[in-house]
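Protein chains in written order, with the numbering used here: chain D, 215 to 570; chain S, 215 to 570.
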């Protein structure tokens, strides 16, 4: 039986990416060596890094005003590395608090400068994306979490402001086109839409750098990695390589416009069933629903374990909700096939009929 | 023709480790999913992490006074994370400068406290390990680089002192037994003797922590990772997994005593030929020669390109020396088979005969 991976992250990757990756673990580009044991200074690894950077620029339509970095440490490292590099102690950064990850970013930023939480949806357990709030024009930047993996909400439109945006896009990067002109910095742990765990993408506008005066260790200064094309130290070669393969796959599927169309169609299958089905209800408000993470519950919580068990038996894996929301979470990233989502919707319908 | 990988790092891994890793990229423990796409909270990944930690403790004979962490960012991150966690501004740390990596560690430490470079071999381009120097007893710690990848030197004995040692063991970890009682902290990028690039091992004595007063971002505080068994954020799952497989392989070979015996026998093949051969000479002084990285040159530098070319044709790969030493460097880590080293020694002998 074919299994479908609804895990929130690390998450489903395209099968052809996995097969190419496995092949290069055995014999990298026909060299006779594994990609796990070749020098990061070798011609092929340098070419992979250059290719990965070029693909990020091409997919997002980035001009020369942006630098693309492949780093380590995940979004959790970016929570402090961003303000360390961009925020002086006497300056103020704005943050929109849309969930657990935003909160961590806010906490880390407070050590480096002033933080103004301009809006929050904490009052309803983050079931919506705040709108129509005041954004002071003198903020150094405004930080948003474009998709909230745990709560299943997603910014459908960017905040209207001239303040440069900084976004944690860990769980919806490369799922749709973006307007790069509005951003000073974008970061994402790879392990949802763009690769395996162990590599972090950072896209930074060059002109945003060089404005803070504090001391930074070499490894934490974005300029170190820009000057060394992400090879100041040994990069996470394999995780970068698999990200490159995934970016190639996204391009081969038609790029971000095609991804967005596919993701909309896929999410519609599940949200339509959720709205029709009398047993289930969604956590996120309709207008802010995520196309990546669908959070939902049963009105009768007593059936939860049974439904999860049924899912597992049907090959639908990783659907248990995060403890802060409960119920279920279907993570339906770029690489998850529509058939798997249809199978889940069908099971919800069958479950409703049984319980009627 | 079989090829041999003399690369300094990322470096040769045991073939059976590579084959198991490739198999788990395709189908992790029979789950039907790739190890690249499964949750780090899944039972199997948690078991791998626990197993990797247990293997480190077993191989090094570590008691409960030590914690074992699998982090990101490489030794270059430890250069600042160590003093950030262990050195107050009014305290002094000692450093032995035995090469490029020691120098970077020294530079980063200066931002966090006082640094006393108690000894250095910079005067002879790091061709030896300093001995018989004064170590003030009030140092917070003494930092050494046990093996110097670039220069081909290695501490054969630990400094005699009651000051707790901190060691960068990136290029000789698990190549021989250690006396853990002398160390407060050991760190190593995995990509030489214990795995692929993308994961960093940190072993820390619990009692060494909690003595600094400065603010640390969550990701930089060792205590964060101890409390969360290296899963505060998404760890580099696959790099950790391959490290676990490599540790299992080391254990299956007979552990560190067997590794040391094998490494001594392997290095002897090459050093014996180096001492016999009239064309070549070594960079490191004999008593400090590394069992991991053999640095050597031709008296007549005009033959360098030709010899490298001959090596390549014989399937001996990655022998070009680092630019700061020149000539050749044979990195002969745990997983490099003796046949490859014998082949290199034979080629040196044949080359001598041709040029006679």
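We treat Cβ as the ideally placed atom computed from N, Cα and C, and that holds for glycine.
As the structure is a prediction and not an experimental result, all values here were calculated from the model.
Residue-chain proximity (residue i, chain D), Cβ-Cβ < 8 Å
{"i": "residue 459 of chain S", "result": "no"}
{"i": "residue 217 of chain S", "result": "yes"}
{"i": "residue 383 of chain S", "result": "no"}
{"i": "residue 485 of chain S", "result": "no"}
{"i": "residue 424 of chain S", "result": "no"}
{"i": "residue 296 of chain S", "result": "no"}
{"i": "residue 507 of chain S", "result": "no"}
{"i": "residue 433 of chain S", "result": "yes"}
{"i": "residue 359 of chain S", "result": "no"}
{"i": "residue 247 of chain S", "result": "yes"}
{"i": "residue 320 of chain S", "result": "no"}
{"i": "residue 550 of chain S", "result": "no"}
{"i": "residue 344 of chain S", "result": "no"}
{"i": "residue 447 of chain S", "result": "yes"}
{"i": "residue 546 of chain S", "result": "no"}
{"i": "residue 303 of chain S", "result": "no"}
Whole-Å CB distance - residue i paired with residue j, under 8 Å assumed
{"i": "residue 404 of chain S", "j": "residue 457 of chain S", "result": "5 Å"}
{"i": "residue 563 of chain D", "j": "residue 514 of chain D", "result": "That pair is no contact at about 16 Å."}
{"i": "residue 444 of chain D", "j": "residue 284 of chain D", "result": "5 Å"}
Close-in-space but distant-in-sequence residues of the same chain around residue i (CB under 7 Å, 5 per side omitted)
{"i": "residue 273 of chain D", "result": "388, 461, 464, 465, 469 and 470"}
{"i": "residue 406 of chain S", "result": "223, 225, 384, 385 and 547"}
{"i": "residue 392 of chain D", "result": "274"}
{"i": "residue 375 of chain S", "result": "349 and 356"}
{"i": "residue 369 of chain S", "result": "343, 358 and 360"}
{"i": "residue 165 of chain S", "result": "Given a span of 215 to 570 for chain S in the structure shown, any question on residue 165 of chain S remains unanswerable."}
Residue i classed as buried or exposed, judged by whether at least 16 other C-beta atoms fall within 10 angstroms
{"i": "residue 486 of chain S", "result": "exposed"}
{"i": "residue 287 of chain D", "result": "buried"}
{"i": "residue 357 of chain D", "result": "buried"}
{"i": "residue 646 of chain D", "result": "For chain D, the structure presents residues 215 to 570; residue 646 of chain D sits outside this window and is missing."}
{"i": "residue 350 of chain D", "result": "exposed"}
{"i": "residue 531 of chain D", "result": "buried"}
{"i": "residue 409 of chain S", "result": "buried"}
{"i": "residue 537 of chain D", "result": "exposed"}
{"i": "residue 215 of chain D", "result": "exposed"}
{"i": "residue 534 of chain D", "result": "buried"}
{"i": "residue 501 of chain D", "result": "exposed"}
{"i": "residue 234 of chain S", "result": "buried"}
From the options, residue whose alpha carbon lies closest to that of residue i
{"i": "residue 332 of chain D", "options": "D/562, D/306 and D/322", "result": "D/306"}
{"i": "residue 231 of chain S", "options": "S/454, S/495 and S/566", "result": "S/454"}
{"i": "residue 567 of chain D", "options": "D/493, D/520, D/516 and D/344", "result": "D/493"}
{"i": "residue 435 of chain D", "options": "S/290, S/251, S/356 and S/411", "result": "S/290"}
{"i": "residue 266 of chain S", "options": "S/413, S/311 and S/381", "result": "S/413"}
{"i": "residue 335 of chain D", "options": "D/320, D/310 and D/407", "result": "D/310"}
{"i": "residue 381 of chain S", "options": "S/428, S/319, S/337 and S/496", "result": "S/319"}
{"i": "residue 338 of chain S", "options": "S/522, S/367 and S/361", "result": "S/367"}
{"i": "residue 229 of chain D", "options": "S/220, S/240, S/425 and S/233", "result": "S/240"}
{"i": "residue 255 of chain D", "options": "D/449, D/438, D/556 and D/248", "result": "D/449"}
{"i": "residue 480 of chain S", "options": "S/250, S/559 and S/442", "result": "S/559"}
{"i": "residue 543 of chain S", "options": "S/263, S/400, S/570 and S/498", "result": "S/498"}
{"i": "residue 482 of chain S", "options": "S/467, S/429 and S/503", "result": "S/503"}
{"i": "residue 428 of chain D", "options": "D/282, D/303 and D/263", "result": "D/303"}
Sequence-distant residues of the same chain with beta carbon closer than 6 Å to residue i, five excluded per side
{"i": "residue 419 of chain S", "result": "279, 280 and 398"}
{"i": "residue 354 of chain D", "result": "301, 305 and 307"}
{"i": "residue 314 of chain D", "result": "364"}
{"i": "residue 518 of chain S", "result": "512"}
{"i": "residue 328 of chain D", "result": "306"}
{"i": "residue 554 of chain S", "result": "218"}
Chain S contact for residue i (CB, 8 Å cutoff)
{"i": "residue 329 of chain D", "result": "no"}
{"i": "residue 240 of chain D", "result": "yes"}
{"i": "residue 539 of chain D", "result": "no"}
{"i": "residue 365 of chain D", "result": "no"}
{"i": "residue 453 of chain D", "result": "yes"}
{"i": "residue 536 of chain D", "result": "no"}
{"i": "residue 391 of chain D", "result": "no"}
{"i": "residue 429 of chain D", "result": "yes"}
{"i": "residue 260 of chain D", "result": "no"}
{"i": "residue 227 of chain D", "result": "yes"}
{"i": "residue 378 of chain D", "result": "no"}
{"i": "residue 469 of chain D", "result": "no"}
Contact set for residue i: own chain, Cβ-Cβ below 8 Å, skip 5 residues either direction
{"i": "residue 551 of chain D", "result": "218"}
{"i": "residue 245 of chain S", "result": "252 and 258"}
{"i": "residue 565 of chain D", "result": "493, 517, 521 and 524"}
Proximity test, residue i beta-carbon vs the ligand GDP heavy atom, cut-off 7 Å
{"i": "residue 439 of chain S", "result": "The ligand content of the structure shown is nil, which means the ligand GDP is not present either."}
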